[in-house]
Every structure is written in C-alpha cells, then in structure tokens.
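Quick note on the numbering used here: the sequence shown kicks off at 897 and runs consecutively.
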Amino acid sequence: MKTPEFIKEIVHSFNPRKLDKYTNRSFGHCVGYFTMILAFAFVIMMVCYAPQVGRLTGFVSEQMSKFDAINVSGSVDMNSAIHIPEKKPVLTIDMTGEDVKPTTQRVIITKDYVLYSLLKGTEKVGTKQLLEPTKNRPIVSQVLALFIIFILPSIVFYSFIALWIKYFLLILIIGTLTFLLLDLTQYRKKWVKTIKLACFAAAPVIAIEVISIPFNTDWLIPLFRIVGISIYVIGIVLLLLLTGLTVILTHYFKAKDGKNK
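Right under this line is the structure:
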C-alpha cells in the first residue's frame, strides 16, 4: 500500500460516501489498513516512551532502594556452556570455570564475572557484586537497566503482536455484534462487509488507546487484562458506536445516491 494512497484512504475513511467503495476490496486489504494505523500509533507511543528509557537507570535504582537487604546465594554446576542462539551467540552462560573468549556475544555470564557489551562499550562486573545488589546498588542498577534495554526489541515486537491480536479479535467480535443488531433492519449488510467497515471504524479507537499508554489509561476504564494487554470499556463502547454508525451512514448515502441494490 503506497503512502499517498494510504493517506487518502485515511481521509476517505471519515467520509461515509466514499468509504463504501473500500469494502469492495479484499478482506486482507482492510486488515492491512488497521494494521498500518496500529503501526503508526505504536511508533508514536514508542517516541513518547523514549524519555523514560533515558531515566531507566535512575528508576531501577529508586525501586531497589525500597529493599533494605537482598542476598542472593546459590551453587550452579554445568558440564558445558549454554549459547543463545547456538550459532553466533548473543548470550553465553558458562559456569564450568573455564575461560570464555568473547566472539559475537553481547553478554557473557560466568562464575566469576558478567561481561556485557551493550551501549557503553565492553564492561565487566564481578558476579559477587551482583549477588549483593543493595550493597552495590549503582552497579546493579546500571546492569539491570542495560539488560532491559538489551531485551527491549523483543518486548516491542511481542507487544505489537499482542496489540494486533487484541484489535483483530475486537474487530471480529464488535463487527459480528453490529451485524446481528442491524440484521433485521434496513441497514443490514453482509457479515464480511460489516467486518470490513469495522476495520476502518477501529482506527480512532486504536489511535486513542495506543497513544494514551505512555501517559494514563485510567480514563479509558480498564475492564480486564490478558497477557499484559488491557481491554477498555471506553474502547469497546466507542468501537461499537463507530462501527454501527459507519454501517448506517454508508448505507444511507449509498441509498441516497441511488446505488443501493
């Protein structure tokens, strides 16, 4: 989908007179539309989160200060090292006591030290220091913050996938509910067409919910959470209203223009 065409499609999605023609396109196209809206909203959300990443070390240190004492102890024996992934490893855990020579690893964990190469070059921290976090709060806070940044790409990826599944299921459920509510009225449409219109109607809901995440989502009235993803009352009600309104208005203008079958 070319960007100019996509922008035109966003504008037309708010015009019931022109929106009906997009429902003649494939279901995949309509899913692609809401996916692009989600992607744009997700990028804006990440930009809003960016300042918080810079304050991550201070935040971790502040949270650790709530503990009076933490002592981690234990004995780990291994007969061979663990490499993740096996080819060109990014993480190596080797408690065998043998010397580990860094190659492609970003993090190496041994009995004596933790070596990491993330943002500020290669640094080495003694394992004993990490086992006493309250006594070595600045070092441990920095390591934990860098570790969070290290796994951040995976968190971002899985968060996007989880949000996509959430909105796809909501579109199917709300679209089906709208279809059933309007099935016995003059505004009835085929189920697939109703779902397609729900994909377009979901755009404002997606933008509002996702961009609100870095700030405050209490006003959206959280209903429940599934695998860390919140479902909001305001989002459900708004999506239902917008989908119903979109179906009714597209039917009205199509009939008014004399194109109703």
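We put the beta carbon where it would ideally sit given N, CA and C, even for glycine.
Express the C-alpha separation of residue j and residue i in angstroms, rounding to a whole number.
i: V986; j: L1066; result: 37 Å
i: V1010; j: A1098; result: 47 Å
i: K1157; j: S909; result: The predicted position of K1157 is uncertain, since its pLDDT is 46 and thus under 50; no value can be drawn from it.
i: F930; j: G1131; result: 15 Å
i: I1045; j: E905; result: 36 Å
i: D1114; j: V927; result: 28 Å
i: V939; j: D995; result: 42 Å
i: D990; j: L1048; result: 24 Å
i: F1056; j: S1108; result: 15 Å
i: K862; j: I1004; result: The question about residue 862 has no answer, for the chain in this structure spans 897 to 1157.
i: L1076; j: Y1148; result: 18 Å
How is the beta strand (DSSP E) around residue i delimited, first residue to last?
i: F1120; result: P1118 to I1122
If contacts are defined as beta-carbon pairs under 8 Å, then residue i and residue j qualify, I think. What distance do you get, rounded to the angstrom?
i: T1139; j: L1080; result: With 8 Å as the limit, T1139 and L1080 do not qualify as a contact, their Cβ atoms being about 17 Å apart.
i: L1158; j: T1074; result: This structure cannot settle anything about residue 1158, because the visible part of the chain is limited to 897 through 1157.
i: T992; j: H979; result: Between H979 and T992 the Cβ distance is about 13 Å, and since that is not below 8 Å, they are no contact.
i: V1143; j: K1086; result: Going by Cβ atoms, the distance from V1143 to K1086 rounds to 11 Å, so no, they are not a contact pair.
i: L1068; j: I1091; result: 7 Å
Which residue or residues does DSSP assign as beta-bridge partners of residue i?
i: I1127; result: F1120
i: V1021; result: V1010
Short check: CB of residue i to CB of residue j, under 8 Å?
i: V1133; j: L934; result: no
i: Y1063; j: I1102; result: yes
i: Y1012; j: L1042; result: yes
i: C944; j: P1118; result: no
i: T919; j: K1089; result: yes
Locate the alpha helix (DSSP H) running through residue i, then write down its first and last residues.
i: Y918; result: P912 to Y918
i: E994; result: Where E994 is concerned, there is no enclosing alpha helix (DSSP H), given that its DSSP letter is neither H nor E.
i: S922; result: That residue, S922, is in no alpha helix (DSSP H); it is neither H nor E in DSSP.
i: I1109; result: Per DSSP, I1109 belongs to no alpha helix (DSSP H) and is neither H nor E.
Is residue i near the ligand PLP, in the sense that its beta carbon is under 7 Å from a heavy atom of that ligand?
i: L1145; result: Absent from the structure shown: the ligand PLP. Ligands present: none.
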